[in-house]
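As structure tokens, the structure follows; a few thoughts come after it.
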Amino acid sequence: MALKDNLKAVQQELSSQEQMMENFIKSERFIRKYKYYFITFIVLLIVYFGGSYIYHINQEKNTKESNLIFSSLQKNPSDQKLLEELKQKNLNLYTIFLMSQNSHDLNQTTAFDIDPLLKQIVLAQNNQKSDFLKDYNILLKGFEFLKNNDFKNADLEFNKIPVNSPLWQVITSLKHYQGIK
């Protein structure tokens, strides 16, 4: 009986080792079959993460350089070399610097590829058509009419602003206090 049990134990051990070898051979075939796909995938991952890392480091370096140029320009606004350098490195900071200096070159910045919100602010500052600050400009025009006691024109200006505008509460208050309503 003990011999039979030993024989069964040896058979089970051989069977489990056989299954392990069979699985190993299957996985080896799978790896050989798709080896180039695995290598390509790993290389692409390395290239992606390496490129992403280099890109972010480069962006950070450019941001630091742009900030240094901007702070130098604030100390010495007449330096044309630094101004050109800032224009090449960061158009948004260049536009902000021109705005701070009340420069006549500000009109040219709308042709550049700058931040859309900054572009709308530049357009509004130059009294050109700005969608972003359109309601605010109408409010200011209406307020000018109120200063001159021209309530009729002020009411016409205020009515141009839609009801869902964030400025609507200010307009209703102005109308109420000026006796337009």
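Adding 373 to a residue's 1-based position in the sequence shown gives its number in the working numbering. Even for Gly, the Cβ is constructed at its ideal location relative to N, Cα and C. The structure displayed is predicted, hence computed values, not measured ones.
Check	Outcome
Exposure label - L490; buried when at least 16 CB within 10 Å	exposed
Stretch pair the region 428–436 + the region 451–460: three plus CB contacts closer than 8 Å	no
Opening and closing residue of the alpha helix (DSSP H) in which T482 lies	Element bounds for T482: n/a, residue is neither H nor E.
Alpha carbon of F411 to alpha carbon of F403, nearest angstrom	11 Å
Rounded straight-line distance, which links the Cα of Q481 to that of L417	42 Å
N- and C-terminal bounds of the alpha helix (DSSP H) containing S444	408–448
Rounded straight-line distance, which links the Cα of S445 to that of D478	19 Å
Anticipated Cβ contact below 8 Å, L466 with F485, distance rounded	About 12 Å; that fails the 8 Å criterion.
Neighbourhood of L471 by C-beta distance below 8 Å, restricted to the same chain and skipping five residues each side	D478, L479, T482
Residue interval of the alpha helix (DSSP H) (run including K507)	507–520
Bounding residues of the alpha helix (DSSP H) (the contiguous stretch that carries I534)	It is not in any alpha helix (DSSP H) - I534 carries neither H nor E in the DSSP assignment.
Opening and closing residue of the alpha helix (DSSP H) in which N475 lies	Here N475 belongs to no alpha helix (DSSP H), and DSSP marks it neither H nor E.
Integer Cβ distance of I364 from L512, believed to fall under 8 Å	Limits of the chain in this structure are 374 at one end and 554 at the other, which puts residue 364 out of reach.
For S546, the three-state DSSP class (helix, strand or coil)	helix
Alpha-carbon spacing of F524 relative to I534, whole angstroms	16 Å
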